[in-house]
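Novice: Let me give you the structure first, and then I'll get to my questions.
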Amino acid sequence: MKPWVVPILVAVVLWGIAAFLRKKAVLFLPPQSAVTFEVLGASAVILLLFALSGGHLVKDPRGVLFAVFTGIFAVAGTLFMFYALKNGPVSIVTSFSAVAVVITVILGVLLLHEKLLLHQVAGIALGIVAAILLSL
C-alpha cells in the first residue's frame with residue numbers, strides 16, 4: 001500500500017464527519033457564527049500540535065506564505081459551505097463540494113506540470129457530470 005493511502009482515508013473520514021457536523025451547526029447558528037466557532041475548534045487542535053512540537057515551528061517564509069493563504073481560502077470556502085448547508089441538504093451540498101478537486105487538478109497540471117493519464121481525465125470528467133446531476 002502506498003504511504004499516502006492511510007492518511008488520506010483518515011482525512012476523508014474526518015472531513016465527512018465535519019461536513020455532517022457543519023449541517024447540524026447551521027440548524028442552530030447563522031453561517032458567520034458557525035464558521036467562527038469552527039475556527040475556534042480548529043484552534044484547539046493547532047494549540048495541541050504546537051504543544052506536541054515543543055513549541056517549535058519550521059518557519060520557511062515561502063511555506064508560511066502558502067500556509068497563510070491556505071487558511072484564508074479554506075475559511076472563506078468554509079463560510080460559503082455553511083451558507084450552502086443552511087439552505088440545502090448535507091448529502092447533496094457536500095457531494096457537490098467534492099468537485100473542488102477539479103480546480104486542484106487543473107492548478108496541479110498548469111502550475112506544477114503534473115501529468116494525467118487518460119483514465120484519470122475520464123474520472124475528472126465523470127466528477128463534473130456528477131456535480132451537474134447533483135445540482136438538478
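Using UniProt numbering, the letters of the sequence shown map in sequence onto residues 1 to 136.
All C-beta atoms, glycine included, are put in the ideal place defined by N, C-alpha and C.
The model shown is predicted, which means the values in this text are computed figures rather than measured ones.
To the nearest angstrom, how far is it from the Cα of Val129 to the Cα of Leu65?
Specialist: Working through the sequence shown from its first residue, we reach residue 129 at position 129. Working through the sequence shown from its first residue, we reach residue 65 at position 65. Rounded to whole angstroms, Val129 to Leu65 spans 34 Å at the Cα level.
Novice: Assuming contact is defined by CB atoms lying nearer than 7 Å, are Leu79 and Val35 in contact in what I supplied?
Specialist: Looking up residue 79 in the sequence shown gives position 79. Looking up residue 35 in the sequence shown gives position 35. Result yes, Cβ atoms of Leu79 and Val35 sit closer than 7 Å.
Novice: Does the Cβ-Cβ distance between Lys86 and Pro31 come in under 7 Å?
Specialist: The residue labelled residue 86 in the question sits at position 86 within the sequence shown. The residue labelled residue 31 in the question sits at position 31 within the sequence shown. It is a contact, given that the beta carbons lie within the stated cut-off.
Novice: Within the chosen definition, does the segment 85 to 105 reach the segment 47 to 63 through at least 3 CB pairs nearer than 8 Å?
Specialist: As far as the Cβ criterion goes, the segment 85 to 105 does not touch the segment 47 to 63, which means the pair count is below three.
Novice: Exposed or buried, what is Phe37 when buried is set at 16 or more other beta-carbons lying within 10 Å of its beta-carbon?
Specialist: Numbered from 1 along the sequence shown, position 37 holds the residue referred to as residue 37. Looking at its Cβ environment, which holds fewer than 16 other Cβ atoms inside 10 Å, Phe37 is exposed.
Novice: Suppose you measure from the CA of Leu118 to the CA of Val109; what does that come to, to the nearest Å?
Specialist: Taking the first residue of the sequence shown as position 1, residue 118 is located at position 118. Taking the first residue of the sequence shown as position 1, residue 109 is located at position 109. Using only the alpha carbons, I get a separation of about 14 Å.
Novice: Which word fits Phe28, buried or exposed, when buried means at least 16 other C-beta atoms lie within 10 angstroms of its C-beta?
Specialist: Taking the sequence shown and counting its residues from 1, the one referred to as residue 28 is at position 28. Exposed is the call here.
Novice: On a Cα-Cα basis, can you pick out the residue from Leu126, Ala19, Pro3 that is closest to Gly77?
Specialist: Reading the sequence shown from its first residue, position 77 is the one you call residue 77. Ranking Leu126, Ala19, Pro3 by Cα distance to Gly77 puts Ala19 first.
Novice: Where does Glu114 sit, in a helix, a strand or coil, going by DSSP?
Specialist: Residue 114 sits at position 114 when you count from the first residue of the sequence shown. In the structure shown, Glu114 sits in coil (DSSP, three-state: anything other than H, G, I, E or B).
Novice: What are the boundary residues of the alpha helix (DSSP H) that Phe73 is part of?
Specialist: Within the sequence shown, the letter at position 73 stands for residue 73. From DSSP, the alpha helix (DSSP H) with Phe73 extends over 61 to 87.
Novice: Out of Ile106, Trp15, Val68, which one is the CA nearest neighbour of Gln120?
Specialist: By 1-based counting over the sequence shown, the position of residue 120 is 120. Nearest option by C-alpha distance: Ile106.
Novice: Could you round the C-beta distance between Phe73 and Arg22 to whole angstroms and report it? I think they count as a contact, below 8 Å.
Specialist: By 1-based counting over the sequence shown, the position of residue 73 is 73. By 1-based counting over the sequence shown, the position of residue 22 is 22. Going by Cβ atoms, the distance from Phe73 to Arg22 rounds to 17 Å, so no, they are not a contact pair.
Novice: Return the chain-ordered list of same chain residues with a C-beta closer than 8 Å to the C-beta of Val90, the five sequence neighbours on each side being excluded.
Specialist: Indexing the sequence shown from 1 puts residue 90 at position 90. Here the set comprises Ala19, Phe20, Arg22, Lys23.
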